[in-house]
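S.K.: In my numbering, the protein residues as written are 1 to 360.
We put the beta carbon where it would ideally sit given N, CA and C, even for glycine.
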């Protein structure tokens, strides 16, 4: 009969990642992200911005060219004039293209923020030996991710090629007529064709981007899966090792017991069961609102309390019902419950009378 050892499967990563593992992955820059989303967004946003801002851009370019042509009569070719014209062209070009570039930049940042949120991490760009290791590089080249990226590249090339071919094929009937058109009309017609092609390519790449993002998210979830043992280890780290926690609790109990035993000499009376329970009470008239429990215990602890009480000449009073009531309803360091005031007062009065007789 073959017996299967289930421990063999303990290392298999079959469990979804915990929130802590996800947060650690984010800190390392490991997130579900598709570069295709940014590419598609840039193409669509770029040509949309060009379509909206294009008339103003071309108008200002025309004004700039008119200005330069109007000053050609005064152009003497001196370095100062060339430098001045260069600065003017540079500043005007910046002002003309600034809205377009700003729109594209915002879309680029937004496409990344939507996928991974606003988080900056430098760990992913830190130098690592594995990145220059030839063996690691060889494994990356022939890894599953590399094959997927290669397949995506082929799909994109095929989509762009087909759309460009179709656009050129559909434009063959009016392309020869460009010779007979004026410049403005010809540029407008060509611009419309380019814009239409860009829109088709951007839309197709957007579909590819959505599919790629879903794949990247699935692959990311697979990569951060954890084994049952890893989850157990994480719980131990978060909550502390059970053995260590047990030792800490034992040490705390020992310290509490030592403090409790050291307070017994200050007690006025120890009320006993007589052997099962022992509760030490202290009361200072005028300073305390009610009697205070300074120690209590059962079994061997009760025996130790009685021994210490006898060593320090603390009165021992047998009162089983009161001892049980105090043990169950009063905590060390706290006042006795109000329902036991009368019973404890009788015991304290008895102890005070005995103490007074001894002193007299």
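Just to confirm my understanding: we take residue 144, look at its own chain, exclude 5 residues before and 5 after, and list those with CB closer than 8 Å. What are they?
M.R.: Here the set comprises nothing.
S.K.: Along the beta strand (DSSP E) that carries residue 345, what are the first and last residues, could you check?
M.R.: First-last for residue 345: 341-359, but that is the alpha helix (DSSP H), not the beta strand (DSSP E).
S.K.: For residue 110, does the three-state DSSP call read helix, strand or coil?
M.R.: Residue state, collapsed to three classes: helix.
S.K.: Between which two residues does the alpha helix (DSSP H) carrying residue 409 extend?
M.R.: In the structure displayed, the chain extends from 1 to 360; residue 409 sits before or after that span and is not available.
S.K.: Going by the CB atoms, is the gap between residue 213 and residue 34 shorter than 8 Å?
M.R.: Yes; because the gap between Cβ atoms is below 8 Å, this pair is in contact.
S.K.: Helix, strand or coil for residue 277 per DSSP?
M.R.: If DSSP states are grouped into helix, strand and coil, residue 277 belongs with the strands.
S.K.: Does any CB atom of chain B fall closer than 8 Å to the CB of residue 151?
M.R.: As a matter of chain content, chain B is missing from the structure shown, which is built from one protein chain.
S.K.: Taking only three categories from DSSP, how would you classify residue 316?
M.R.: Reduced to three states, the DSSP call for residue 316 is strand.
S.K.: Taking contact to mean 3 or more Cβ pairs, one atom from each stretch, closer than 8 Å, check whether the segment 267-280 and the segment 308-324 are in contact.
M.R.: They touch, by the three-pair rule.
S.K.: Within 10 angstroms of its Cβ, does residue 260 collect 16 or more other Cβ (buried), or is it exposed?
M.R.: So residue 260 ends up on the buried side.
S.K.: Give the straight-line distance between the Cα atoms of residue 38 and residue 157, rounded to the nearest whole angstrom.
M.R.: Going by the C-alpha atoms only, they are around 17 Å apart.
S.K.: For residue 174, which residues of its own chain have a beta-carbon under 8 Å away from its beta-carbon, when the five flanking residues on both sides are left out?
M.R.: Around residue 174: 189.
S.K.: Whose C-alpha, out of 177, 220 and 206, is nearest the C-alpha of residue 30?
M.R.: Measuring from the Cα of residue 30, the nearest candidate turns out to be 220.
S.K.: At which residues does the alpha helix (DSSP H) containing residue 147 begin and terminate?
M.R.: That run of the alpha helix (DSSP H) goes 144-171.
S.K.: Taking residue 13 as the reference, which of 43, 96 and 224 has the closest Cα?
M.R.: Here the closest residue by C-alpha is 224.
S.K.: To the nearest angstrom, how far is it from the Cα of residue 204 to the Cα of residue 159?
M.R.: One C-alpha to the other measures close to 7 Å.
S.K.: Hey, how far is the Cα of residue 267 from the Cα of residue 246?
M.R.: Distance between the alpha carbons of residue 267 and residue 246: 31 Å.
S.K.: Please determine whether the Cβ atom of residue 172 lies at a distance below 7 Å from any heavy atom of the ligand SAM.
M.R.: Absent from the structure shown: the ligand SAM. Ligands present: none.
S.K.: Pick helix, strand or coil for residue 272, following the three-state DSSP scheme.
M.R.: Residue 272: strand per DSSP, three-state reduction.
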